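**Student:**
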Amino acid sequence: MAVDSRGTADAAPQHGSGEQRPRMGFFTDTSVCIGCKACEVACKEWNAVPEDGLDFTGMSYDNTTGLGADTWRHVAFIEQRRPLGAQETGAGRAPVDLGMPAVGRPGDDPDPATLGDFRWLMSSDVCKHCTHAACLDVCPTGALFRTEFGTVVVQEDVCNGCGYCVPACPYGVIDKREDDGRVWKCTLCYDRIGDGLEPACAKACPTDSIQFGELDELRGRAAARVERLHGEGVSSARLYGADPDDGVGGAGAFFLLLDEPEVYGLPPDPVVTTRDLPDMWKHAGLAALTLLAGGVAATILGRTR
Amino acid sequence: MGVRSWIGGWPVYRQLTGDDPLGRGSAATSARTAALRPRTAEADDVVPSVCPYCAVGCGQQVYVRDGEVVQIEGDPGSPISRGRLCPKGSATLQLTTGPTREHTVLYRAPHAADWTELDLDTAMDMVADRVIDARRRSWQWEHEGATVNRTMGIASLGGATLDNEENYLIKKLLTGLGVVQVENQARVCHSSTVSGLGTSFGRGGATTFMQDLQHADCIVIEGSNYAEAHPVGFQWVMEAKARGAAVIHVDPRFTRTSALADLHVPIRAGSDIAFLGGIINHVLSEDEYFREYLLTFTNAATIVGEDFADTEDLDGLFSGFDPEQRSYDVMTWQYEGMQTAAASGDRDQFAGRGTHHDTKESGRSEQQGAGGAAIEGEWPRRDDTLTDPKCVFQILKRHYARYTPEMVERVCGIPPATFHRVCRYLTENSGRDRTSAFCYAVGWTQHSMGSQFIRAASVLQLLLGNIGRPGGGIQALRGHASIQGSSDIPTLFNLLPGYIPMPHAHHHQDLDAFVRTDAADTGFWSHMKSYAVSLLKAYYGDNATADNDFCFDHLPRITGSHSTYDTVLAQIAGEVKGYFLMGENPAVGSANAKAQRMGMANLEWLVVRDFSRIESATWWKDGPEIESGELRTEDIATEVFFFPAASHTEKSGSFTNTNRVLQWHREAVPPKGDARSDLWFAYHLGRIVREKLAGSTDPMDRPILDLAWDYPMDHGDEPSAEAVLAEINGRDADGRPLSASTQLRDDGSTSCGCWIYCGVYADGVNQAARRKPHTEQDWISAEWGWAWPDNRRTLYNRASADADGRPWSERKALVWWSEDVGRWVGHDVPDFEADKRPDYRPARDARGVAALSGTDAFIMQADGKGWLYAPSGLTDGPLPTHYEPQDSPFPNPLYGQQRSPARLVYPHEFNRYHPDADGPGADVYPYVVTTYRLTEHFTAGGMTRWLPYLAELQPEFFCEVSPELAAERGLTHTGWATIVTARGAIEARVLVTDRVAPLRVDGRVLHQIGLPYHWGPNGYSTGDAANELSSISLDPNSHIQEVKAFTADIRPGRRPRGARRDALVRDYQARAGVTDLTGTEV
């Protein structure tokens, strides 16, 4: 396992202290998500997250639109004229040719072979609790810290609202609450899991789409699930954020998706934005040294002249 | 704090000295973080509770600290929900503790422009005065020459959201007052279930329980949006799916349920009988039925009388139709050899031919909630070869022969290939070793043929041998926390507790005549007198004696239909003075919302009990008729009382969920301010009225003064719900709790408030409060709550074993006969006499339960059989038959008869119907509308639209249309559309989606429009109410309204404001040529 300048690739040991626990995380299996949004509400009730405004967006049943300071779980809804494995549906197109021009949307597949295909994808998004968390890297106050569970949490009594973390997040998760000035995001219910409870969203989830547990065990479970779905003909099933060698060193909250990540509004290849920071410091240091050396040389040369 | 710990608390010190040199973990933790504890850990008390929204009945745990509810979560021990909650259940903390709840009594004086606050005691006193006054002024001793002892001046609506104990006390009080117009949401949601399932199997509840769905090999969800309306119950469908079951969703729209199904079948709303009839035809003609099951447990072999004529013979009518009365005389539908017996009997449906219209209108079929319809006479003749042309099997074959795949395509818009796929899934997964389940909800019940939709599924499931077996059955998904309970302990006009019918003025003179009329000679319903006498003892206590017929004459009498819709029309006509609304919002949630408000505007007084200022409480100041100028606030004389209600966390009581399981929720904190439980309201209203009437010698006051109305208080002046439950359970002569309904006697020595709930307080223990975690029990979890009847979870489970009592297969074993112990044994409590041998055969003169044989699995049926053919019990036909909805854009392709001939129509200025499909003006309302629920909201919105956490998830009323319809009508995605019917015009945001597919029906393209019905003008998330569009047209069995399929026009843009809104509706009416007669043809 690669070791970088910020410690180890494993997030858990980054906490330090003797109370090290197994790294905990979320596995969100979107193939069983029914889009009920219980996760959104359970999260808000537990964490007293404010309501986020009434906006009818027209984005299918998604009126939350994305994660933010006041939305720590977000369910995306994607309607597609594509088949889902062995599922048969009469939606998407009429089961018979209506003899009328179709009203296509940009990006829709005009291939007549796919007429009648339809699927409705739902996925509950959340903070990824990255192994290499840029938000944590850039936080100048120590408000963001790595917990003994390997999760990344903002301490609301420390955060001064500088906002450095907001552009640092490769997923656009962490966000500043305007009337409050501080940043807020999923804590993976740090208070609950410290007491042996499940995070609120995972506990509420009616179909166990959101699973909470030790990350290693979850990764094993997820791999088996993908294999099973492939066996059932859902060839598009894939994991997102489960790979420890990806750009964030693997996510503590990872997903089983049924399409490309972009479809769900997720970056396809997220990279910790502070990846190049050590190099940049190195270059900057070198430049400074060179400048210094140049200055010294110039001074000496100037004197000798 | 010492210096050392002060320094040690310094992050930099910790970073330098600890094992977190980078200062990104433990060294960075603040004091607050270090001290962080979940608030659940700090709770003083964790109170067991039940979610107050839908009827899944998810377990909750209410965390209380310092007298405040601080958190509500799922109870992991619940075998039903396993700790999970949907968004509504997850929002119950906001529901119960949020700022939008009212805590003060509000009063609107006649003609006043606004509310004023009122002291609770004063308000109660005023309401009591008004009840007494309205009762006096509207008292009827007689109606058309028959004794009725009642008032038609008071009506009540609500109960499905309340506890069983509250429903019991409300019905008891109102019955004591002589009020018969008592109704609740059960009428509007699932009354067809009671008549449909009850007539088919003997009881009006789901035949199975949700957890058992995990054992199904195929699940057909039709008429239900299971995943959206019952998300936590849907986990059992997902369990089945994970075990390899096929999941089929038949629905006009592709919903969140379809998204998880293996097969989605788009169907034209309202055409389900044609679809199910097609499958029945397929099963019969391809010999795919389960013959051994059929012969053992159904009436397939029974011979029907010579006089019966089918729809095949009469172009869509059955024999016995009287076009003048618009109703059937059911005599010709009887089994052979039964007519003579019935004529000499006094069976209600068979009673004097001159009165069958009244009987029909009184919603008789719901009596089948706990017992099948009566039949009389000789044991009917059978033909076990199933070849006699007059046997049920052959009649069935002939009746459905025209329901071909091509006809299914023509009527429903379902291509033959898809239809055959469904047939194959179902037949391949039914039989000895495999079972299939059906799940439905109000997508089936809310039609003018609602009861017959459910009958069609019942016929199919009997043919396939799927009733009474694990993984089989029919799950009626109910939608309110205790809507099953409010049917069992009914706040319904036509029923007394335990599905004992309300006595009818024309037919019941005394108790014996009443019992003779309604009891069966055979089966468990033959004990009806014990049930009725025990109920009268519970109602009237020591005042009920054998000498006074147990106060039977105190019961007010019904004369025809007094359903909520009849009451609304009576209100408009000015016949009703006072109206109670208890947890129900008809100004949004009932069909024809305008008629609901116009009725209320004609009342003298209105009492609304709710959490917030719902539309039904404020229509007089801000309703649509005020905006349009049709009504002026200063002209409205209705006095309005708003009483804030207690929430489920603020009172104790039981809910009965869709599994028929009673679950107790305990009071966590007392209600604040003036908020009170409905138990408190009913009890104290009764107490005050009785105090005011004390000493009265007026015979009119005898029934209310004779009521047994002495309940202990829990604390303060809150009556003990547990004491009410004990009364419901029943006591013996010495006051000891009974443990089973078989202990009930007809001599007055026992009392019992609801015979089917007898046993819920066995041994003086509240069995509904049992919470043994599912992890410590088998999958049936018999020690969680208590199910009626007798804690049986799968009804008719005798049918899980063959004629000899052996399981049909090891894989599908549930209960079986054990020769060793001489009893039925197994996983579930046997729904059968435990020691009746499978080879028991009754003597020919046997009566009562002894008349049922060892293979009569349907023990509540008079003949012990599952009814493929219903010789009695339903008023619109013995076999499900496709008719078009009241408003339909298509002529009926199956018969000359367009609509159900026996449906109930109520032509009125506010309730106009649309023209016939093939007549002039039909194209004015060309599209089919279907209404539905969303996960994020609940019914008429009173418990969700006020909550920010739910409102933000579905913030606005919208309509769902296909891209093709949007193009045809120029509708813009996220823009506005106006939807118009002959009843009203509303506006909605437009959601253009592929999920609503156009269909090819009867040779042309049909567009359907989806409308969630949760919205109204009040609350945090607002919008027009879909029920402004719907009409009052009812199923004659259940009096349920047809809101799942009607027609409308849609056009771009917002609706007109003010008087122009009504002008638009009238313009449409004129273009369509709508008159008072339109759509009322037989």
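One line per chain: the protein sequences are A and B, in this order.
For the first sequence, the numbering used here begins at 1 and goes up steadily by one.
For the second sequence, the numbering used here begins at 10001 and goes up steadily by one.
Glycine is no exception: its CB is placed at the ideal position from the N, C-alpha and C atoms.
All of these numbers come straight from a predicted model, not from anything done at the bench.
#1: Which full runs of the alpha helix (DSSP H) of 4+ residues lie inside the segment 10057-10140 of chain B, going along the chain?
#2: Residue ranges of each alpha helix (DSSP H) run of no fewer than 4 residues wholly in the segment 10131-10212 of chain B, ordered along the chain?
#3: Residues of chain B with CB under 7 Å from proline 206 (chain A), in chain order?
#4: Who are the Cβ neighbours of alanine 10940 (chain B) in its own chain at under 6 Å, not counting the five residues just before and after it?
#5: Between the Cα of proline 11017 (chain B) and those of B:Ala10787, B:Ala10593 and B:Leu10177, spot the shortest distance and give me the residue it belongs to.
#6: Does the structure place the segment 68-81 of chain A close enough to the segment 174-182 of chain A that three or more beta carbon pairs sit under 8 Å?
#7: Under a CB-based cut-off of 9 Å, is isoleucine 174 (chain A) close to chain B?
#8: Using beta carbons (cut-off 9 Å, strictly below), is threonine 273 (chain A) in contact with chain B?
#9: Who are the near neighbours of arginine 10150 (chain B) in its chain, counting only those whose CB is closer than 6 Å to its CB and skipping five residues on each side?
#10: Here's the rule: buried if 16 or more other CB atoms are within 10 angstroms of the residue's CB, otherwise exposed. What is histidine 10506 (chain B)?
#11: Are the segment 10731-10751 of chain B and the segment 10713-10722 of chain B in contact at 8 Å, needing three or more beta carbon pairs?
#12: Does the separation of the CB atoms of alanine 10951 (chain B) and threonine 10296 (chain B) fall below 9 Å?
#13: Which residue or residues does DSSP assign as beta-bridge partners of isoleucine 10500 (chain B)?
#14: Taking CB distances under 9 Å as the criterion, tell me whether asparagine 63 (chain A) reaches chain B.
#15: When you compare the CB of arginine 177 (chain A) with every CB in chain C, is at least one pair closer than 9 Å?
#16: Whose Cβ in chain B lies nearer than 7 Å to the Cβ of cysteine 36 (chain A)?
#17: Within 10 angstroms of the Cβ of isoleucine 300 (chain A), are there 16 or more other Cβ atoms? Answer buried if so, exposed if not.
#18: Which of helix, strand or coil does DSSP assign to lysine 176 (chain A)?
#19: For asparagine 10911 (chain B), does the three-state DSSP call read helix, strand or coil?
#20: Where does threonine 10017 (chain B) fall in DSSP's three states?
#21: What number of angstroms, rounded off, separates the C-alpha of alanine 200 (chain A) from the C-alpha of valine 41 (chain A)?
#22: Could you check which residue in B:Leu10999, B:Val10992 and B:Arg11054 has the C-alpha nearest to that of methionine 59 (chain A)?
#23: Would you mind stating whether threonine 10100 (chain B) and leucine 10947 (chain B) have Cβ atoms separated by less than 9 Å?
#24: Taking glutamate 10691 (chain B) as part of the alpha helix (DSSP H), name the residues at either end of that continuous run.
#25: Should the segment 10633-10644 of chain B be regarded as contacting the segment 10101-10112 of chain B, the criterion being three or more beta carbon pairs within less than 8 Å?
#26: Locate the alpha helix (DSSP H) running through threonine 10445 (chain B), then write down its first and last residues.
#27: So what's methionine 11084 (chain B) in DSSP terms, helix, strand or just coil?
#28: Would you kindly report the start and end of the unbroken alpha helix (DSSP H) that includes serine 10809 (chain B)?
#29: Take alanine 10851 (chain B) and list the residues in its own chain whose beta-carbon comes closer than 6 Å to its own, dropping the five residues that flank it on each side.
#30: Count the other C-beta atoms from every protein chain shown that fall within 10 angstroms of the C-beta of histidine 132 (chain A), then say buried if there are 16 or more, exposed otherwise.
#31: Quick check on cysteine 189 (chain A) - is its C-beta less than 9 Å from some C-beta in chain B?
#32: For glycine 10826 (chain B), name the three-state secondary structure that DSSP assigns.
#33: Leaving out five residues on either side along the sequence, give the residues of the same chain with a beta carbon under 7 Å from the beta carbon of glycine 10764 (chain B).
#34: Answer yes or no: does any C-beta atom of chain B fall closer than 9 Å to that of threonine 28 (chain A)?
#35: Can you look up leucine 218 (chain A) in the DSSP assignment and give me helix, strand or coil?
#36: Quick check on the burial criterion: 16 or more other C-beta atoms within 10 angstroms. Buried or exposed for isoleucine 10303 (chain B)?
**Tutor:** With the given structure in hand:
#1: 10087-10090, 10092-10097 and 10120-10138
#2: 10164-10177, 10185-10189 and 10191-10201
#3: Arg10084, Cys10086, Pro10231, Val10232, Phe10234 and Gln10235
#4: Asn10585, Val10588 and Gly10589
#5: B:Ala10593
#6: yes
#7: no
#8: no
#9: Gln10140, Gly10178, Val10180 and Pro10556
#10: buried
#11: no
#12: no
#13: B:Leu10496
#14: yes
#15: This model lacks chain C altogether, as its protein chains are A and B.
#16: Cys10086, Pro10087, Pro10231 and Thr10935
#17: exposed
#18: strand
#19: strand
#20: helix
#21: 9 Å
#22: B:Val10992
#23: yes
#24: 10678-10693
#25: yes
#26: 10442-10445
#27: Outside the displayed span of chain B (10001 to 11082) sits residue 11084 (chain B), for which this structure offers no information.
#28: Careful: serine 10809 (chain B) lies outside any alpha helix (DSSP H) and carries neither H nor E.
#29: Thr10522 and Pro10842
#30: buried
#31: yes
#32: strand
#33: Pro10737
#34: no
#35: helix
#36: buried
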